[in-house]
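In the numbering used here, the protein residues as written are 1 to 137.
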């Protein structure tokens with residue numbers, strides 16, 4: 001099953017398992033900079049989605065909008081054209097108003113990005129009961 005968010009650059013993102021869901025995409029020409037490696041902005045956007053998606057499945061929490069308060073990234077390597085980029089996120093802690101998480105992104109199995117973030121517990125999406133927002137179950 002494919003998850004297709006609205007921005008066209010992400011139409012090949014594919015969650016693959018339940019609970020700790022790896023998310024990934026194949027680096028295509030449209031994702032690259034002039035050096036034919038995945039643009040840092042694409043990697044940042046992917047990383048920004050990683051932790052909130054993990055939260056929905058790890059805890060079967062209410063489906064909420066989770067706007068980003070803070071996102072830190074350490075780029076450790078390049079993701080060349082054609083590479084499979086995959087990430088896994090983990091929720092470290094939740095409070096009444098915030099969610100704290102981290103993640104690791106790899107390209108063809110090699111670490112390329114470490115991410116940590118803080119997200120605001122926003123309003124419910126719909127009735128908030130959709131514990132399967134990506135339609136995987």
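Positions of the beta carbon are idealized from the N, C-alpha and C atoms, including for glycine.
- Taking C-alpha positions only, residue 67 is separated from residue 98 by approximately 10 angstroms.
- Taking the CA atoms as reference points, residue 65 sits about 32 angstroms from residue 81.
- Between residue 101 and residue 89, the C-beta gap is smaller than 8 angstroms, which places the two residues in contact.
- Taking the Cα of residue 28 as reference, the smallest distance to any Cα among 104, 85, 51, 109 is reached at 85.
- Proximity to residue 47 across 22, 124, 37, 33 peaks at 22, based on C-alpha coordinates.
- Listed as beta-bridge partners of residue 38 by DSSP are 32.
- In this structure, residue 73 and residue 115 form a Cβ contact; the two beta carbons are roughly 5 angstroms apart against a cut-off of 8 angstroms.
- When rounded, the separation of the alpha-carbon atoms in residue 119 and residue 35 is 32 angstroms.
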